[in-house]
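So for the sequence shown, the numbering used here puts the first residue at 1476; every next one is plus one.
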Amino acid sequence: RDGDTFQARLFWWHAARLLDPDSPVARVAFETGPKSFDDIWVEYDPVRSALDHYGEPLLREHMQCKWHVTPDSYGYSHLVDPEFINANARSLLQRARDAQLAYARSGAGVRFKLVTNWRLDRNDPLREMVGNRSGAVRLDRLFGSLTDNSKAGAVRKAWRDHLGINEDELRILARTLAFGEATDTLDALRDNLDILFGLVGLRRIPA
C-alpha cells in the first residue's frame, strides 16, 4: 500500500506541473510504457527541458518507483539480480536494455530512472558514477578506465556479461540510466504536494 502511495504522490508531483505555464512538463502518464519503467512517464517540452551531459534536451523520462518499508542500500550488482525488483527471470538492467532498444536506440533524449527510498551504497563503485545534479550515469566515470581491472571496469564487465553486449552497446544503454533517491517521508511528499497544488490552483490536500 505504501508503494502505491509513493507512486501516486510522485505522479501528482509531475502532473500538477502541467498547470504551470513555465513548467517544461508537457505530458504525464502512469502504468504505461516499457516493462519495469512504466510506473510514471513524463514528456518534456524540448525548448524548456533540462539538458543532458552532452547538451541535448531530455524529452522523456520513464520511471520505476520502488518504496521499501525498511531502509537499506543497493549497488551495481543488484541491477543484475531479478529479486531486486521482485522478478523471477529478468533483472532491472535487462529490462532497461529492452526499453532502450525500443525507445532510445541512439541513447539520446530518453531516460530510464529508478526512484527509490533505498540509497546507493556509499562503498559501491556505482555511487561515484551517478551525477548529483540529475542522477544520470556519468559516462566519463563509468568508462574512465581502459581495462576491467578497476572499480569502473568491474561494473562494466558485470553489466556486459549479464546482458551479452559489447562496450559500445553498454555505453549507449548507460547514457539512458538514472537513479533517484527519495529522501522525504510519505508525509513530507504529501506536504510538498499540498504547497504545489496551492501554487497551481488545485484543491489543497488536508493533513
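C-beta atoms are modelled at their ideal positions from N, C-alpha and C, and glycine is treated no differently.
Item	Value
Alpha-carbon to alpha-carbon, I1515 and A1571	15 Å
Beta-carbon proximity check, A1673 vs R1665, cutoff 8 Å	Reading off the sequence, residue 1673 comes out as Gly, not Ala. Cβ distance not < 8 Å, so G1673 and R1665 don't count as in contact.
The stretch 1595-1615 in contact with the stretch 1628-1646 per 3-pair CB rule at 8 Å	yes
Run of the beta strand (DSSP E) containing V1612, from where it starts to where it stops	Unbroken run through V1612: none, as it is neither H nor E.
One or two residues paired with M1538 in a DSSP bridge	I1515 and K1588
For L1576, the residue or residues it bridges with in DSSP	Answer by DSSP bridge pairing: none, since L1576 is not bridged.
DSSP-derived helix/strand/coil call for E1506	coil
Member of V1503, P1496, G1610 and D1573 whose CA lies at the smallest distance from the CA of I1640	D1573
Contact check, R1586 vs A1653, beta carbons under 8 Å	yes
N1598, buried or exposed, once every other Cβ within 10 Å from all chains shown has been counted against 16	exposed
Proximity of L1589 and K1510 at Cβ, strictly below 8 Å	no
At least 3 beta-carbon pairs within less than 8 Å: the stretch 1598-1610 vs the stretch 1541-1558	yes
Per-residue DSSP class, three states only, for L1548	One point to set straight first is that residue 1548 is Ser, not Leu, in the sequence displayed. Three-state DSSP puts S1548 in a strand.
For F1654, three-class secondary structure by DSSP	strand
Which of helix, strand or coil DSSP assigns to V1522	coil
Residue from E1506, R1492, H1489 and D1497 with nearest C-alpha to D1479	E1506
Status (buried if at least 16 other CB within 10 Å, exposed otherwise) for V1630	buried
A1564, DSSP secondary structure in three states	coil
First and last residue of the uninterrupted alpha helix (DSSP H) at R1635	K1626 to L1638
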